[in-house]
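Visitor: Residue numbers (my numbering): 536 to 684.
C-beta: ideal position from N, C-alpha, C; glycine also.
#1: Could you compute how far the alpha carbon of residue 610 sits from the alpha carbon of residue 589?
#2: Residue range of the beta strand (DSSP E) that residue 560 falls in?
#3: Can you pull the DSSP bridge partners for residue 665?
#4: Does the Cβ of residue 634 have 16 or more other Cβ atoms within 10 Å, making it buried, or fewer, making it exposed?
#5: Any idea what DSSP makes of residue 608, helix, strand or coil?
#6: Do the CB positions of residue 662 and residue 587 come within less than 8 Å of each other?
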């Protein structure tokens, strides 16, 4: 699926806000699968802030990862394998397997060691490949990147 088609299909909302949150740390892809990097973006969010489903999807994971709460939302109609958005550190609000429309509160931000101040780490994956979640927003830098079907 091409990026423009993907953007039009997904119709992404910001997971916290409005207004769109401050980006505390951007996506810094690692040079290899096990190298250091930042595989998502950190959004300013206070503890207790609701995390909203950025688009309709199914909550496919809700539980601890590395000692902190995380949720994964799988996005239908986004190719094979489908896109998945991840959020941490959070307390899940809905059980795994729940289908939610865009804008539904799916979690609440909790404190964690990832950021110097409290933040929400937002990731995007297709299979095992990490992608920049800002590519699905209007704040992303303009780039054309091939996405595998």
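Guide: Answer, in terms of the structure:
#1: Taking the CA atoms as reference points, residue 610 sits about 10 Å from residue 589.
#2: For residue 560, the enclosing beta strand (DSSP E) covers residues 558-560.
#3: Bridge partners of residue 665: 660.
#4: Per the 10 Å Cβ criterion, exposed.
#5: Note: residue 608 maps to strand in three-state DSSP.
#6: With respect to residue 587, residue 662 sits apart: the two C-beta atoms are not nearer than 8 Å.
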